[in-house]
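In short: position in the sequence shown from 1, add 1, done, that's my numbering. The structure under discussion appears below in the form of structure tokens.
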Amino acid sequence: MYRFLLTPRWMGINIFVLLAIPVCVFMGSWQLSRFEDRVQDHRSATQQSAANEKAAAAPLASLLPVSTETSGKRAEVTGRYDKQLLVPDRDLDERTGFYVVTLLKVDGTGKGLPVVRGWLPGTASAAKAPAPPKGDVTVTGALQASESAGSNGVTTAGGLPSGQVGMISAASVVNLVPYDVYDAWVTLDTADAKMTPVPATTAQGSGLDLKAFQNLGYTGEWFVFAGFVLFMWFRLVRREAEALRDAELGLTEETA
């Protein structure tokens, strides 16, 4: 009864099934490995963050450019505070507020380093942020990579009032000052002027973010596809066998 499986039409179907199932299983396994890699990266980042808090601060120049290895490490740099900016719509402890960012003109380079001196609740438009300290200062804090449009809390909408920026990055700040800006920023260990310190974030791509769980979802989808292909093959085989059996028994409509 199942000799029809050797016909040219069914040979094509069989070859497709034999190729589709391993491909689906391979893709599902690959997506699962991507998720497992992200879980491992998250564990490593958590362990590194704990180690960074206990490690001694290093000179800023030794940690640049910012990478997954240096992101979150404590940096120490000396200079003079210059222009101050506010970053609105930043959440901390389930409250909405803003970051107070002051550019530090680093000694010996003339370049500006954005320093997050702290967080304040409320709206940046109605707030009066505390002025930065005068004279030479030495700041110590966690080194962070410049934010991008995909970073948490970033505001990409334009039309912000003067003195406000939507993201902390060299690209968004360099046109506001007459000097170069580091492609990095620092969040202070201890916030200035009774502000709340802003915790360091893990490097992008090293956490259990939405993309990581998308990998897990794709894993399930590929295995479902493999099961669906196998289910449809069995169903088609069964229908074909039943049709041939009905024809042998004279139960088809043509015979009637």
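Backbone N, C-alpha and C define an ideal beta-carbon position, used for all residues, glycine too. These numbers were taken from a predicted model, which means no experiment stands behind them.
As assigned by DSSP and simplified to three states, the class of residue i
{"i": "Thr139", "result": "strand"}
{"i": "Ala257", "result": "No answer about Ala257 holds up, because its pLDDT of 40 lies below 50 and its placement is not dependable."}
{"i": "Gly80", "result": "strand"}
{"i": "Gly113", "result": "strand"}
{"i": "Val166", "result": "coil"}
{"i": "Leu144", "result": "strand"}
{"i": "Leu93", "result": "strand"}
{"i": "Thr191", "result": "coil"}
{"i": "Pro23", "result": "helix"}
{"i": "Pro9", "result": "helix"}
{"i": "Thr202", "result": "coil"}
{"i": "Ala127", "result": "coil"}
{"i": "Ala213", "result": "helix"}
{"i": "Ala150", "result": "coil"}
{"i": "Ala1", "result": "Nothing can be reported for residue 1: it is not among the residues displayed for the chain, which extend from 2 to 257."}
Per-residue burial, residue i [other beta carbons within 10 Å of its own, 16 or more giving buried]
{"i": "Thr256", "result": "Its pLDDT being 44, under 50, Thr256 is placed unreliably in this model, and the value from its coordinates should be taken loosely. Its Cβ having fewer than 16 others within 10 Å, Thr256 is exposed."}
{"i": "Tyr180", "result": "exposed"}
{"i": "Gln32", "result": "buried"}
{"i": "Asp148", "result": "With the sequence shown as reference, residue 148 is identified as Glu, and Asp is not the correct amino acid for it. It counts as buried."}
{"i": "Leu114", "result": "buried"}
{"i": "Thr202", "result": "buried"}
{"i": "Ala244", "result": "exposed"}
{"i": "Ser68", "result": "exposed"}
{"i": "Tyr100", "result": "buried"}
{"i": "Val225", "result": "exposed"}
{"i": "Gly13", "result": "exposed"}
{"i": "Ala146", "result": "buried"}
{"i": "Gly29", "result": "buried"}
{"i": "Asp193", "result": "buried"}
{"i": "Ser34", "result": "exposed"}
{"i": "Leu7", "result": "exposed"}
{"i": "Phe214", "result": "exposed"}
Cross-strand partners of residue i (DSSP beta bridge)
{"i": "Tyr100", "result": "Val88, Trp120"}
{"i": "Val107", "result": "Gly80"}
{"i": "Trp186", "result": "Gln145"}
{"i": "Thr69", "result": "Thr69 is not bridged to any residue."}
{"i": "Arg75", "result": "Ala143"}
{"i": "Thr197", "result": "Trp120"}
Cβ-Cβ distance between residue i and residue j below 7 Å
{"i": "Thr141", "j": "Glu77", "result": "yes"}
{"i": "Arg118", "j": "Thr97", "result": "no"}
{"i": "Val187", "j": "Ala171", "result": "no"}
{"i": "Ala58", "j": "Arg75", "result": "yes"}
{"i": "Thr79", "j": "Thr139", "result": "yes"}
{"i": "Lys106", "j": "Asp137", "result": "no"}
{"i": "Ala143", "j": "Gly218", "result": "no"}
{"i": "Val18", "j": "Ala227", "result": "no"}
{"i": "Thr191", "j": "Trp120", "result": "no"}
Counting pairs of Cβ atoms below 8 Å between the region 161-179 and the region 88-100, do you hit three or more? The region 88-100 and the region 161-179 touch, with three or more beta-carbon pairs separated by less than 8 Å.
Quick one: any contact between the region 214-232 and the region 15-26, if contact means 3 or more CB pairs under 8 Å? With the rule of 3 Cβ pairs closer than 8 Å, the region 214-232 counts as touching the region 15-26.
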